[in-house]
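Q: The structure that follows is given in the form of structure tokens.
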Amino acid sequence: LKRLTLPVLIAFAAILLYGVSVLPNRGDPTSPSNRPTSEAGSPNAAAYYIEQAYRDAHTPNMVTVVLADYRGFDTLGETIVVFTAGLACYLILRRRPRSEPPA
Amino acid sequence: VRRHYEDIIVGMSARLVVPFIQIYALYVIFHGHYSPGGGFQGGALLAASFLLMRLAIGTEVSQYHFHRSWGTRGSSLGALIFLSTGLLALLLGSHYLDYAALWPWGGATADVRSYGILIIEVGVALAVACTLVAIFDDLVGDEEEPDEEIETGRHVLRESSDA
Chain L
1 LKRLTLPVLI AFAAILLYGV SVLPNRGDPT SPSNRPTSEA GSPNAAAYYI EQAYRDAHTP
61 NMVTVVLADY RGFDTLGETI VVFTAGLACY LILRRRPRSE PPA
Chain D
1001 VRRHYEDIIV GMSARLVVPF IQIYALYVIF HGHYSPGGGF QGGALLAASF LLMRLAIGTE
1061 VSQYHFHRSW GTRGSSLGAL IFLSTGLLAL LLGSHYLDYA ALWPWGGATA DVRSYGILII
1121 EVGVALAVAC TLVAIFDDLV GDEEEPDEEI ETGRHVLRES SDA
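Order-wise, the sequence lines are chains L and D. Letter by letter, the first sequence follows residues 1 to 103 of my numbering. Letter by letter, the second sequence follows residues 1001 to 1163 of my numbering.
Written as structure tokens, this is what we have:
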């Protein structure tokens, strides 16, 4: 089985590299993810963000607008996750002041 | 972190570097509208500056810069800023987290949204920075069987934090 590992890995790497080679160029306006409407004819969010982000929030950094405005609810969840991690550490690890031993 | 590991060179260089880290952290937070950055990254930098003080000059002395009890409170406050900003928009008659409703006296909604983003970025930064320091403090904990010197130092800190 060990002799089989390397060919399998090479085969998977070849599949991945082939997949990467046929991806559309970054920022290509004709690629399916950047078109204003998808193949099925429904409006595409990415094109809307790129065109309207500055008009909607007067913030040049498009990523910030998507993160904090359009996807604000998602960022709220992320903040709560961080907060919950801190709270769990507090509840599990924090040493309480030693109380008097019972007489 | 015990006080015995202190070194004057490490302490002085940390004190030299920390203000610049904090200025850069604030820059990353408040310049997130115009360049890569924002609350998460800036908050992590801010926490790094406090943790550097913790490691370089010892946990006891660095309580003056960031007290142990601020960690959980600060992260709660940061999450609360975010939550209440969303709730305020809801109460003012719009959708949750719709910042355009935060300024009901008219004007450019796009500018209001920009400031709304800034408010929640500050909340995120506060939550991230304080949580990271709080986790460090929880992991390190208080020193066991402390020296008399440290004990008296802690006593002074208690009094100063009460004042």
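From the three backbone atoms N, C-alpha and C, an ideal C-beta is built for every residue, glycine too. These numbers come from a predicted model, not from an experiment.
Pull up the DSSP beta-bridge partners for PRO43/L, would you.
A: According to DSSP, which records beta bridges pairwise, PRO43/L is partnered with THR37/L.
Q: Taking only three categories from DSSP, how would you classify TYR1096/D?
A: Of the three classes helix, strand and coil, the one that applies to TYR1096/D here is coil, per DSSP.
Q: Using beta-carbon positions only, say whether ALA1079/D and ALA1127/D come within less than 8 Å of one another.
A: In this structure, ALA1079/D sits near ALA1127/D, with a CB-CB distance shorter than 8 Å.
Q: With 9 Å as the C-beta to C-beta threshold (strictly closer), list the residues of the segment 44-72 of chain L near chain D in chain order.
A: Against chain D - using a Cβ distance shorter than 9 Å - the residues of the segment 44-72 of chain L are TYR54, ARG55, ASP56, ALA57, HIS58, THR59, PRO60, ASN61, VAL63, THR64, VAL65, LEU67, ALA68, ASP69 and GLY72.
Q: Tell me whether ILE105/L is buried or exposed, calling it buried when 16 or more other Cβ atoms sit within 10 Å of its Cβ.
A: The displayed coordinates of chain L run from 1 to 103. Any statement about residue 105/L would go beyond what the structure contains.
Q: If you compare alpha carbons, which of ILE1081/D, ILE1117/D and GLY1106/D is closest to ASP1098/D?
A: ILE1117/D
Q: For the alpha helix (DSSP H) containing THR84/L, name the first residue and the last one.
A: 72-93 is the extent of the alpha helix (DSSP H) around THR84/L.
Q: Do GLY1032/D and GLU1121/D have their C-beta atoms closer together than 8 Å?
A: Taking 8 Å as the cut-off, the Cβ atoms of GLY1032/D and GLU1121/D count as close.
Q: Using a cut-off of 7 Å between C-beta atoms, extract the partners of VAL1128/D located in chain L.
A: By Cβ distance, chain L contributes VAL82.
Q: Examine chain D for any beta-carbon lying closer than 8 Å to the beta-carbon of ARG26/L, and answer yes or no.
A: Chain D places no beta carbon closer than 8 Å to that of ARG26/L, leaving this residue out of the contacts.
Q: Please list the partners that LEU93/L has in chain D, where partner means a Cβ-to-Cβ separation under 8 Å.
A: ASP1138, LEU1139 and GLY1141
Q: Using a C-beta cutoff of 8 Å, does ALA40/L count as contacting chain D?
A: no
Q: Any beta carbon of chain L sitting closer than 8 Å to that of THR1072/D?
A: yes
Q: At the level of alpha carbons, what is the spacing between PRO1146/D and ALA88/L?
A: With a pLDDT of 49 at PRO1146/D, under the threshold of 50, the modelled position of that residue is not reliable, and the figure given next carries that caveat. Cα-Cα distance, rounded: 27 Å.
Q: Let me check understanding here. Comparing Cα to Cα, which of ARG94/L, ARG3/L and GLY77/L lies closest to GLY1086/D?
A: GLY77/L
Q: As a quick exercise: from VAL1010/D, VAL1028/D, HIS1067/D and ILE1119/D, pick the residue whose alpha carbon is nearest that of GLY1038/D.
A: VAL1028/D
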